[in-house]
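Student:
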Amino acid sequence: MNPCKSTYNFLKFPHKLGELRVLYLPFNELGGEIPKEIWGLEKLEVLDLEGNLWNGNLPTRFSGLRTLRVLNLGFNRIGGEIRFSLSKCVDLEV
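Under numbering that gives the first Met the number 0, the letters of the sequence shown match residues 0 to 93, in that order.
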């Protein structure tokens, strides 16, 4: 088993990441629902979770992601309405 290519679910997402600005984890075979703590990272500017095994729905509001500039959730199994969820992300580049 290749330790870099194993399906991993964040059972316990680190809580002390308040200063985190970039979360870049594409193509790591991470699975399950995206941890709810990610949506509250107030200083996060880049969130790239492309090409994993994430599933479930997006939260109705990304209340903490006001500074988000880049969002890449492509090639996952994520559903839900995205329009209202991103209304507070005023710096998001499309």
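Virtual Cβ for every residue (Gly too), placed ideally from N, Cα, C.
Considering only residues of the same chain and omitting the five flanking positions on each side of residue 53, which have a CB-CB separation below 8 angstroms?
Tutor: By 1-based counting over the sequence shown, the position of residue 53 is 54. Cβ neighbours of residue 53 beyond the five flanking positions: 29, 30, 31, 32, 33, 72, 75, 76 and 77.
Student: Use the C-beta contact count for residue 51: other C-beta atoms within 10 angstroms, 16 or more gives buried, fewer gives exposed.
Tutor: To locate residue 51, count along the sequence shown from 1; it is residue 52. So residue 51 ends up on the buried side.
Student: With a Cβ-Cβ cutoff of 8 angstroms, do residue 40 and residue 63 count as a contact?
Tutor: By one-based count along the sequence shown, residue 40 stands at place 41. By one-based count along the sequence shown, residue 63 stands at place 64. Going by C-beta atoms, residue 40 is nearer than 8 angstroms to residue 63.
Student: In this structure, what does DSSP give as the bridge partners for residue 77?
Tutor: Here residue 77 refers to the residue found at position 78 of the sequence shown. The partner list for residue 77 (beta bridge, DSSP) reads 55.
Student: In terms of DSSP beta bridges, what is residue 39 paired with?
Tutor: Taking the first residue of the sequence shown as position 1, residue 39 is located at position 40. For residue 39, DSSP assigns no beta-bridge partner whatsoever.
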